[in-house]
Each structure stands twice: as structure tokens, then as C-alpha cells.
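Line by line, the protein sequences are chains S and G. First residue of the first sequence? That's 143 in the numbering used here, and the numbers climb one at a time after it. First residue of the second sequence? That's 9 in the numbering used here, and the numbers climb one at a time after it. Idealized CB from N, CA, C, for every residue including glycine. Written out below as C-alpha cells is the structure these notes cover.
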Amino acid sequence: MAKHNDFKEKLIHGLFFLNGLLVVFVLIGIFVLLVTKALPAFRQIRLTEFLFSAKWNPTATFVAPSYGILSMLVSTLMVSIGALIIAVPLGIGTAAYLSDVADKRVREIAKPIVEILAGIPSVVIGFLGIVLVGPFIAKIFRLPNGLNALNGSILLAVMALPTIISLSEDALNSVPKSFQEASLALGATHWQTLMRVKIPAAVSGIIAASMLGMGRAIGETMTVLMATGCAIAMPKSFLQSVQTMTATIAIEMGEVPYNTTHYYALFGIGLVLFIITFIVNMISDIIFHKYQKVLK
Amino acid sequence: MKIKQLQEILGFNILRLCIGIVICALIIILYDITTKGIGVISWKFLSSMPKNGMTEGGILPAIIGTFLVTVITALMAIPLGMGCAIYLNEYAKDSKTTRLIRMAIRNLSGVPSIVYGLFGVILFVQLMNFGTCVLSAGLTLGLMTLPWTITASEEALKNVPNSYREGSLALGATKWQAIKTNVLPYAVPGMLTGTILGLSRAAGETAPILFTGAAFFLPSMPKSLFSQFMALPYHLYIMSTQHHAISKVRPIAYGTALVLIALVFMMNLCAVIIRYRLRKIKME
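Spelled out as C-alpha cells, the structure:
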């Protein structure tokens, strides 16, 4: 009887272990499948052309099709960095307010607000980019339409804000109380303490939060698909229509015939996207862990 | 001295402005969708099929489609997510393997949703040969939700005091018996809270279902797990960008957006209520 029980326990343990390993397999699986589907593309396309040419015209009929993703890569980075320029100061300001200025009641109200903002589906934000932000931008800058990189940046900023706010607030809250008390005891005001002691002490946590927000922005699809106008060209200004990597996959994947060079090239874009977000998340992770060790 | 105080007042007001802008953004979003969408909402809108090339009629198939896909997502993400969390929190010691698993979880939560979509196309639609259908889309969303359910479930398990486990083990229970009778019953409500939040996000996602089963328009309801479906977020995308008479269907788009937001909020509310009840029980 005891033996039987022992076996059963080991079996259950083993099953949970396999279940735990599953996530590793999924991550590796995503990478491996993307690579195997992207590789055939590079029998036809030179890697240097793929990465460094801005000409993307896979459906050209009279001339040779071209598969350069540089303009989309630049568009993605441009829209994401634009989003960070808006979201990081706002996010840090909000986080500092919640951790240092607000009383408990305000904090109790603010937390669900940030959660609600995080819960709004990206397609709804994209829709508002079309019906609300777009016309607004068009009016201010006197453009025929407001579907451009700026629109995408504003929307992505809204989407990145919850991540940046809650993680920055955590970073500020985990600065040891003694730092703050020492600063106040030396006669510094709360504001000076915040600016010169707490924020510098929490800076790597805040950077990690911003990087995570950037990762989100780079990988976001629906908002940029709907609000940036989707015109493949090297972006020259924020008031120009752009098409990001995610948007290109979303638009073309549905129409492309399976197992053509164009189809494989789209997986190539997916692979590039996966690698970029992986690196951004890893950097965020490393900064965050170093920071936690320093605090300890 | 005075300059210092002025600086402080100015600084704090800048911070107030920051949070003010964030709250304004949320209010504008909710106000615009609610005021323009509420006029369209009626029982008929919620319970009838789209008519006349989707320029009239309701959104019933999209609601049903989103519901079906979310059920599949839940069936995939809840058991696997809970299992992984149980392994990490109850069985595993801090080792290279667990660090690897944790790293994988963090990275999976950062993988762009459209990449999950591509993965779903290869794995479920092509390799497993399910085709573009409810099942493929639900499983793809399930994978995407996995990191969130794991994190939430682990959090819930951590909140169960160690003495519960030890008490059970001291009475001669095996590890699994201790988990089953003395840990899970206390952790399940917390696990559900986090899981529902994850599912609500999955229900609003569009990118992963774009090529795994969502359809532009279908004349009838999905008949089985292997048929294509209409979904609320995809319907909103179609109605606001792809439809041939975009300005004419704008009210329907607003109505769809409102229903989608309402659905997500109701799921969130459920999660919050469970969390609130849980806290109350703990306090007693």
C-alpha cells in the first residue's frame, strides 16, 4: 500500500514538473517554429537586403519583388520612442504622486483607475485613434487626415502608461524609508527628497519599467494598424503615415498564399520582432534584478 | 527658505498635473465610447444577426464567437497555468530549472500578441491541421494567457500560510494530499481572480485571432469547434477600417466598442468582487 502511494506521489510530482517545463517548451517552440518558417525566405532574399533595404514590394509583378524591412523597423522604433517620450514623464510623475504626495484614500481610488486603463482592449484604443485623436491632430496641424506616427505614439503612450506607472510606483515604494528620513532630517523638503534621493535611488527600477513599456509598445499591433495610416515609406516626420512591422504582418498575413517567399518573409518579420522584444525584455529584467540586489 | 517651499508647491502641482492627464485620458475614452455607443445598444442589437452587408442589424454572432473562444482559452490556460504555479510554489526548490522556467514565463508575457498569432497559424492551423477555427484561436489565446494565469496562481499559493501545509504533513498526509486538501481550497479564489483578469484581456485581443479563425462575416453561427467565428474585437476592427461604408456603420462600431468594454469590465468586476470577498473572509 505504502509503495503504491509512493508511486502515485512520484507520478503526480512528475506531471507537475512536466507542466512546469511546458512554458519553456512553448518559448523555445515559438522561436524554433518562427526560425524554420523564416529560413526559406532567405533562400530568395539576401539577409542584408532584408534588414537594410527600405523597399518592400513583395507583390510586384513587372519588376522583381523586393523585401526590405528597414522602413518598417524605423517606423516601429519611431512610434515606440515617441510613445515613451510621452508616457515616461507622465508615468513617473503619476507614480511619484501616488507614492509620495497622495494620501491613502486617493491611492485607493487611483489603483483601480490604472487597472481599468490597462484593461481597455487595444482595438478600442485604436478605434479612438481613428474617431478622436486622428481628427484632433488633423485640425491642429491642418492635415487632410490625422492617421500618422504621432497618433500611434499618443495611443501607445496610453497603453504603456499602466505598466510604467505601477512598476515605477513599486520601485519608489521599495526605496528604504531610512533614505527618506535621513534626507528630511537634514532639512530637505519633501520635493527635494523626492527629486534628489528617492528618484535617483529608484532609477534603475524606473528604467526597467520604461523598457518593459517599450517592449509592449514595439509589439502592439491593433492600435498602430488602425491609427498610423499604414503607408510603407521611410518615415521623415511624426506627421507622416507609417507602417510598423506588426501592422505589416497583420495586413499581409491574411491575404498571402501559404508557403511562398512573401509568406516566409512575413515570418522573417515576426522573427525580427520576437528577437527585438526578447532583447528589450531581457535588458529590463537584468536591470531590475541588479536593482533588487543593490537594495538588499 | 521661501524658494524651497515655492519649489515644492510647484513640483507637487506638476505631479498633480501628470495624474490629472492620466485620469482625463481614461475619462475621455470612457465618455466618448459610452455617449456615442449607448444610443445603438438595444436588446435587438445584442440579439440579432448583422443585416444588409453589416450596415444594419446586431452583433449576436460576434458576442457568441467571443464567448466560445474565451471558454476554450479558459479550458487551456486555467489547468496548465495552475499546474505550473503548483509546481513552482509547492514542489520545486530554487534551482537552475526553476530559474529557467521563471525566465521563460517573463519572456512569454513579453512576446507580442501578433507573434502568438503567427505561432498559432503554424502550430494549430497547419501542423495540427485544425484549420482556421474557434479551437485554433482559443488555443492560441490560451497560450498567450498562460504567463498571466501562472503569475496570478503563484501569488495566490504564496498567500496560503505554511502552517496549513505543515499541519497536514505532520498528520501523515502525503505531499499531494496536503496540497489537495489544505492548500488548494484556500488558494483557488485568489487563482480565479487573477485568471479572470487574464481572460478578460484575452477576450479583448484581436491580433492573435486575425489568422487563426476570426471571420469578416458569417451568415450563421459557428456549428462546431472547427468552424470559423465572428468576434467582438475583430468586428470592431472591421467596422472601423475595412467596411465599404465606414461612415454609415460608425454607430454600429461605437455600439460594438461599448459592448466589448462592458464585457471586459464585467469580467474585471467579477474578479474584484471575488478578491474583496476573499479579503473579508481572511479578516474574519
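Annotated three-state conformation of glycine 268 of chain S is helix, per DSSP. Counting along the chain, the unbroken alpha helix (DSSP H) around leucine 18 of chain G starts and ends at 10 to 45. Here valine 384 of chain S carries a strand assignment [DSSP, helix/strand/coil]. Chain order gives no chain S residues near glutamate 162 of chain G, where near means a beta carbon separation below 7 Å; the closest approach is about 11 Å.
Out of S:Gly268, S:Val339, S:Gly233, the CA that lies nearest to the CA of alanine 252 of chain S is found in S:Gly233.
Against chain G, the beta carbon of aspartate 427 of chain S has neighbours under 7 Å at Arg114, listed in chain order.
Closest in alpha carbon position to serine 248 of chain G, among S:Thr365, S:Thr388, S:Ile227, is S:Thr365. The Cβ-Cβ distance between alanine 229 of chain S and isoleucine 349 of chain S does not fall below 8 Å.
Within the same chain, Cβ atoms closer than 7 Å to the Cβ of isoleucine 391 of chain S are found at Leu408, Ile411, Gly412, the five residues on either side in sequence being excluded. In the three-state scheme derived from DSSP, where H, G and I count as helix and E and B as strand, alanine 85 of chain G is classed as helix. Assignment of tyrosine 400 of chain S by DSSP, reduced to helix, strand and coil, places it in the coil class.
Under a 10 Å Cβ-count criterion, alanine 215 of chain G is classified as buried, with 16 or more other Cβ atoms of the shown protein chains found around its own Cβ.
Chain S has no Cβ within less than 8 Å of the Cβ of asparagine 97 of chain G.
Runs of the alpha helix (DSSP H) spanning 4 or more residues and lying entirely within the stretch 338 to 388 of chain S occur at 341 to 361, 364 to 369, in chain order. Between histidine 251 of chain G and methionine 57 of chain G, the C-beta gap is not smaller than 8 Å, which leaves the two residues out of contact. C-alpha of arginine 173 of chain G to C-alpha of phenylalanine 234 of chain G: approximately 43 Å in a straight line. Taking a C-beta cut-off of 8 Å against chain G, the contacting residues of the stretch 331 to 352 of chain S are Thr331, His332, Trp333, Gln334, Leu336, Met337, listed in chain order. Following the DSSP letters along the chain, one finds asparagine 115 of chain G inside the alpha helix (DSSP H) bounded by residues 104 to 118.
For lysine 52 of chain G, the enclosing alpha helix (DSSP H) starts and ends at 51 to 55. Annotated as distal: glycine 73 of chain G and proline 227 of chain G, with beta-carbon spacing of 8 Å or more.
Within 7 Å of the CB of threonine 182 of chain G, the CB atoms of chain S belong to Asn147, Glu151, in sequence order along the chain.
Here isoleucine 246 of chain G has Phe224 as same chain residues with Cβ atoms under 7 Å from its own Cβ, once five neighbours each way along the sequence are excluded.
With fewer than 16 neighbouring CB atoms inside 10 Å of its own CB, threonine 189 of chain G falls in the exposed class. Here asparagine 167 of chain G is exposed: its Cβ has fewer than 16 other Cβ atoms, across all protein chains shown, within 10 Å. S:Gly210 is the residue among S:Gly210, S:Leu163, S:Ile170 whose C-alpha sits nearest the C-alpha of phenylalanine 184 of chain S.
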